[in-house]
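Each number in the working numbering corresponds to the 1-based position in the sequence shown with 642 added. Each residue gets a CB set at the ideal place from its N, CA and C atoms; glycine is no exception. Here's the structure, in structure tokens; my notes come after.
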Amino acid sequence: ALPPTPGTEPRSQPVHSDADFEHPQCPFALVVNVPLVDMTPENGATEVWLGSHLHSGTHVQEGEHGERASGRIRSDVLAARARERPCSQPVVRKGAVVVRDLRLWHAGKPNFTQRTRVMLAMIHFAPWFRNAMEINFSEELRPVLEGHGGLRIQGRYKPEQEILDTYLKGAYGNAYDFDQREKLDVEF
């Protein structure tokens, strides 16, 4: 979460699920977050809706994948959930590890401090979930990454300078597609 700028009020993300597509009702992806600074209500710690992953799906969302409202939870659904179990905004210390289901409802909250709140986010998909996203790795890392037997690398190797030149020009936000390709025709 970025610090406030003159003339701009700090804002909250809408409560949303990162699973903004038809998905299995069982766990298929885990998000691992590692804060690089302490996360507090003052600097916009993420609000989470515990248990909401059990009620997730496009039927509770306002928009389709790729639309501005993709993944956003409908206000009537939020109000009903808040009566059952309200959200929480935990304090998370720098370097801690937070693991959540990709389907969990959450929202980045406003940062009222002058310091940027930075957090690493990594998503780990079940091997049977056929997500096609790839990450770019430097060709120099190939022997290191492929040297671990049995580890599936969902990435492509490129010259390091090409990665450095293009990284900040890449996709962000709603441009990511966590859905799968060639879906299995089974029910879980």
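Tell me the residue span of the alpha helix (DSSP H) that contains residue i.
i: residue 793; result: No alpha helix (DSSP H) contains residue 793, which DSSP labels as neither H nor E.
i: residue 718; result: 717-726
i: residue 806; result: 802-808
Return the chain-ordered list of same chain residues with a C-beta closer than 6 Å to the C-beta of residue i, the five sequence neighbours on each side being excluded.
i: residue 707; result: 662 and 663
i: residue 735; result: 680
i: residue 765; result: 671 and 673
To the nearest angstrom, how far is the alpha carbon of residue i from that of residue j?
i: residue 756; j: residue 645; result: 5 Å
i: residue 762; j: residue 802; result: 21 Å
i: residue 830; j: residue 704; result: The predicted position of residue 830 is uncertain, since its pLDDT is 49 and thus under 50; a value taken from the coordinates is nonetheless stated next. Near 25 Å, if we compare the C-alpha coordinates of residue 704 and residue 830.
i: residue 649; j: residue 698; result: 36 Å
i: residue 740; j: residue 675; result: 5 Å
i: residue 656; j: residue 686; result: 13 Å
Please list, in chain order, all residues of the same chain as residue i whose beta carbon is under 8 Å from its beta carbon, the five residues on each side excluded.
i: residue 780; result: 799, 800, 801, 802 and 805
i: residue 793; result: 787
i: residue 760; result: 677, 678 and 679
What residue does the beta strand (DSSP E) around residue i start on, and which one ends it?
i: residue 762; result: 761-767
i: residue 779; result: 777-780
i: residue 749; result: 747-749
i: residue 823; result: Here residue 823 belongs to no beta strand (DSSP E), and DSSP marks it neither H nor E.
i: residue 742; result: 740-743
i: residue 689; result: 689-691
i: residue 672; result: 671-677
CB-CB under 7 Å to residue i, same chain, minus the five flanking residues each way: which ones, in chain order?
i: residue 669; result: 743
On a CA-only basis, which of the options is nearest residue i? Give me that one, please.
i: residue 682; options: 776, 767, 718 and 750; result: 750
i: residue 711; options: 659, 719 and 778; result: 659
i: residue 777; options: 812, 769 and 702; result: 812
Is it the case that the region 720-739 contacts the region 688-695, given that we only count it when at least three CB pairs across the two stretches are under 8 Å? yes
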